[in-house]
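S.K.: Numbering (the working numbering), first residue to last: 146 to 386.
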């Protein structure tokens with residue numbers, strides 16, 4: 146089992162320790178604001194100063210997956226001048242540019258992967274499935290592999306059954322907002338946010354450790370302001386299983 150963190154703010158790296166068992170650092174900042182090549186290299190270098198052997202992975206730029214109606218607030222971040230309907234949902238004139246920016250960012254990070262997060266409006270119907278299939282089919286062999294985080298009505302099992310044959314791994318939440326362990330069958334990447342106070346309680350860490358102990362090849366990512374503390378709590382529980 147491999148562990149990692151998802152960071153919305155690069156300053157959260159300061160909470161990490163060099164002996165943390167971190168194999169992946171996922172930069173969600175790139176969803177809104179993918180850095181240019183030189184800045185991306187510096188960002189990855191800073192991450193590896195803390196976690197020397199970690200793979201630093203970007204999120205794909207939101208223009209690839211989210212339409213104008215999906216409510217992404219661009220603000221002062223890097224942007225493209227595109228008309229509504231020409232981007233998002235893995236189709237339109239703008240997605241080639243958005244994907245190229247994301248691919249270049251991954252290359253600058255030294256990563257072999259990109260996380261793509263699709264919004265709830267990208268529902269599990271035939272149109273979304275066709276767009277997803279067309280996009281993956283058009284990718285070059287040397288492009289980064291996709292880790293897909295579907296939001297909305299997709300279950301982990303249905304997303305994995307659909308995307309797995311195309312070589313795409315699925316990233317799914319491990320817990321509901323209530324703290325209930327969710328069904329994650331088929332997902333090879335799991336995301337853990339912690340409770341209302343962002344803390345992964347010892348009981349939840351123990352339940353999760355037992356649930357995952359027999360699943361080989363899983364990657365577990367911790368997010369939020371207590372990502373590192375939660376990772377350590379889970380790693381401790383896992384060692385006791």
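By construction, the Cβ of each residue, glycine as well, lies at the ideal position given by its N, Cα and C atoms.
#1: What does a CB cutoff of less than 7 Å around residue 332 pick up in its chain, not counting 5 residues either side in sequence?
#2: By the three-class DSSP mapping on this structure, what secondary structure does residue 401 have?
#3: Near residue 206, which residues of its chain fall below 6 Å by C-beta distance, leaving aside the five closest residues on each side in sequence?
#4: How is residue 377 classed by DSSP in three states: helix, strand or coil?
#5: Exposed or buried, residue 322, counting other C-beta atoms within 10 Å across all chains shown (16 or more means buried)?
#6: Under the rule that 16 or more other beta-carbon atoms within 10 Å means buried, what is residue 220, buried or exposed?
#7: For residue 299, which residues of its own chain have a beta-carbon under 7 Å away from its beta-carbon, when the five flanking residues on both sides are left out?
#8: For the segment 283 to 356, list the alpha helix (DSSP H) runs that are entirely contained and at least 4 residues long, ordered along the chain.
#9: Is residue 259 closer than 8 Å to residue 295 when the C-beta atoms are compared?
#10: Please classify residue 263 as buried or exposed, where buried requires at least 16 other C-beta atoms within 10 Å of its C-beta.
#11: I'd like to confirm the pairing. Which residues does DSSP put opposite residue 149 in its beta bridges?
#12: Quick one: what does DSSP say residue 219 is sitting in, helix, strand or coil?
#13: Taking the DSSP output, what are the residues bridged to residue 203?
#14: Sort 382, 384, 368, 373 by Cα distance to residue 163 and report the nearest one.
#15: Exposed or buried, residue 355, counting other C-beta atoms within 10 Å across all chains shown (16 or more means buried)?
#16: Mark residue 175 as exposed unless 16 or more other C-beta atoms lie within 10 angstroms of its C-beta, in which case mark it buried.
#17: Express the C-alpha separation of residue 208 and residue 188 in angstroms, rounding to a whole number.
#18: Using alpha carbons as the reference points, say which of 358, 380, 159 lies closest to residue 370.
#19: Can you round the beta-carbon distance between residue 276 and residue 234 to whole angstroms, since I take them to be within the 8 Å contact cut?
#20: What does the alpha-carbon distance come out to for the pair residue 297 and residue 250?
#21: Kindly give me the distance between the Cβ atoms of residue 212 and residue 266, rounded to whole angstroms, as I take these residues to be in contact under 8 Å.
#22: In or out: residue 190 buried (at least 16 other Cβ within 10 Å) or exposed?
#23: Are the CB atoms of residue 201 and residue 170 within a distance shorter than 8 Å?
#24: Using alpha carbons as the reference points, say which of 240, 359, 367 lies closest to residue 261.
#25: If we ignore side chains and look at the alpha-carbon of each, how far apart do residue 253 and residue 284 end up?
M.R.: Let's see:
#1: Against the chain shown, residue 332 aligns to sequence position 187. Here residue 332 has 301, 305, 315, 316, 317 as same chain residues with Cβ atoms under 7 Å from its own Cβ, once five neighbours each way along the sequence are excluded.
#2: Here the chain has residues from 146 to 386 only, and residue 401 is not among them.
#3: In the chain shown, counting from the first residue as 1, residue 206 sits at position 61. Hits under 6 Å: 179, 243, 246, 247.
#4: Taking the chain shown and counting its residues from 1, one reaches residue 377 at position 232. Residue state, collapsed to three classes: helix.
#5: In the chain shown, residue 322 corresponds to position 177, counting from 1. With fewer than 16 other Cβ atoms within 10 Å, it is exposed.
#6: The sequence position of residue 220 within the chain shown is 75, counting from 1. That one is exposed.
#7: Your numbering for residue 299 matches position 154 in the chain shown. These residues qualify, in order along the chain: 269.
#8: 301 to 308
#9: Within the chain shown, residue 295 is the residue found at index 150, counting from 1. Within the chain shown, residue 259 is the residue found at index 114, counting from 1. Result no, Cβ atoms of residue 295 and residue 259 do not sit closer than 8 Å.
#10: Residue mapping note: residue 263 aligns to position 118 of the chain shown, counting from 1. So residue 263 ends up on the buried side.
#11: As a position in the chain shown, residue 149 is number 4, starting the count at 1. According to DSSP, residue 149 bridges with 169, 366.
#12: Locating residue 219 in the chain shown gives position 74, where the first residue counts as 1. Coil at residue 219, not helix or strand.
#13: Here residue 203 corresponds to residue number 58 of the chain shown, with the count starting at 1. According to DSSP, residue 203 bridges with 172.
#14: Indexing the chain shown from 1 puts residue 163 at position 18. Residue 373 is the option with its Cα nearest to residue 163.
#15: By 1-based counting over the chain shown, the position of residue 355 is 210. Exposed, since its Cβ has fewer than 16 Cβ neighbours within 10 Å.
#16: Counting from 1 along the chain shown, the entry for residue 175 is found at position 30. Residue 175 should be labelled buried.
#17: Position 43 of the chain shown, counted from the start, is the residue given in the question as residue 188. Position 63 of the chain shown, counted from the start, is the residue given in the question as residue 208. So the two alpha carbons sit approximately 22 Å from each other.
#18: Position 225 of the chain shown, counting from 1, holds the residue named residue 370. Taking only the C-alpha atoms, the option nearest residue 370 is 159.
#19: Locating residue 276 in the chain shown gives position 131, counting from the first residue. Locating residue 234 in the chain shown gives position 89, counting from the first residue. Correct: roughly 6 Å between the Cβ atoms.
#20: Against the chain shown, residue 297 aligns to sequence position 152. Against the chain shown, residue 250 aligns to sequence position 105. Going by the C-alpha atoms only, they are around 27 Å apart.
#21: Numbered from 1 along the chain shown, position 67 holds the residue referred to as residue 212. Numbered from 1 along the chain shown, position 121 holds the residue referred to as residue 266. The C-beta separation of residue 212 from residue 266 comes to about 7 Å, placing the pair in contact by the 8 Å criterion.
#22: Mapped onto the chain shown, residue 190 falls at position 45. For residue 190, the number of other beta carbons within 10 angstroms of its own is below 16, and it is reported as exposed.
#23: Residue mapping note: residue 170 aligns to position 25 of the chain shown, counting from 1. Residue mapping note: residue 201 aligns to position 56 of the chain shown, counting from 1. At a Cβ-Cβ threshold of 8 Å, residue 170 and residue 201 count as neighbours.
#24: If you number the chain shown from 1, residue 261 lands on position 116. Nearest option by C-alpha distance: 240.
#25: Walking along the chain shown from the start, residue 253 turns up at place 108. Walking along the chain shown from the start, residue 284 turns up at place 139. Near 18 Å, if we compare the C-alpha coordinates of residue 284 and residue 253.
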